[in-house]
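Participant: UniProt numbering numbers the first residue of the sequence shown as 1 and each following residue consecutively. The following block contains the structure, expressed as structure tokens.
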Amino acid sequence: MIMKYLDITLPASDDKSYSLRDFNGHKVVLYFYPKDNTSGCTLEAKDFTQLQQEYLDKGYKIIGVSRDSVKSHKNFITKQELNLLLLSDQDEELVKAFDVLKEKSMYGRKYMGIVRSTFVLDEQGGIVKEYRNVKAKGHAETLLNEL
């Protein structure tokens, strides 16, 4: 399988840019979330932050991705006291490559949005596990226990 998603380069919350290929040699938990500073996304990000050392102890780096800007990510990290690397996918390249951008409906209005999803990648960037349409509450802990 050709893993073209490995070469998509995105700006990050630490003012650098990364492609998933930059993490070769490391196992990665790549989680996609809809929007910074919303209740579910904040809960999920705080849980990943709280459990980050346990993920690292198992050899996993955690990377979050949304369509928010780098500035929004930085504000999110500061406001919520997060310790995560967040990638900004404003052009929707990575979200489309992982097929997590879907039609949603809220208050009768249809729009395209990110479906909360997590992918576990091996040291070469191959997808080992995928979790789609997950609930924010408890997801980080459940995933950690499965790794």
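Ideal placement from N, C-alpha and C gives every residue a C-beta, glycine not left out.
Report yes if the CB atom of Asp89 is closer than 7 Å to the CB atom of Leu10, and no otherwise.
Facilitator: Along the sequence shown, read from residue 1 onward, the residue named residue 89 stands at position 89. Along the sequence shown, read from residue 1 onward, the residue named residue 10 stands at position 10. Cβ atoms of Asp89 and Leu10: closer than 7 Å.
Participant: Since Gln52 contacts Ile62 with CB under 8 Å, what's their CB separation in whole angstroms?
Facilitator: As a position in the sequence shown, residue 52 is number 52, starting the count at 1. As a position in the sequence shown, residue 62 is number 62, starting the count at 1. That pair is a contact at about 6 Å.
Participant: Less than 6 Å between C-beta atoms, sequence neighbours within five positions excluded: which residues of the same chain meet that for Val115?
Facilitator: Mapped onto the sequence shown, residue 115 falls at position 115. Contacts found: Val100, Lys102, Asn133.
Participant: Give me the Cβ distance between Val29 and Thr118, rounded to the nearest whole Å; I'm assuming they're in contact under 8 Å.
Facilitator: Along the sequence shown, read from residue 1 onward, the residue named residue 29 stands at position 29. Along the sequence shown, read from residue 1 onward, the residue named residue 118 stands at position 118. Contact holds; Cβ gap of about 6 Å.
Participant: Per DSSP, Ser69 forms a beta bridge with which residues?
Facilitator: By one-based count along the sequence shown, residue 69 stands at place 69. DSSP, once it has assigned bridges, lists no residue as partnering Ser69.
Participant: Quick check: what's the CA-CA separation for Met1 versus Gly126?
Facilitator: For the purposes of this step, residue 1 is taken as residue 1 along the sequence shown, with counting starting at 1. For the purposes of this step, residue 126 is taken as residue 126 along the sequence shown, with counting starting at 1. Note that Met1 has pLDDT 46, beneath the 50 cutoff, so the model's placement of it is unreliable and no number is given.
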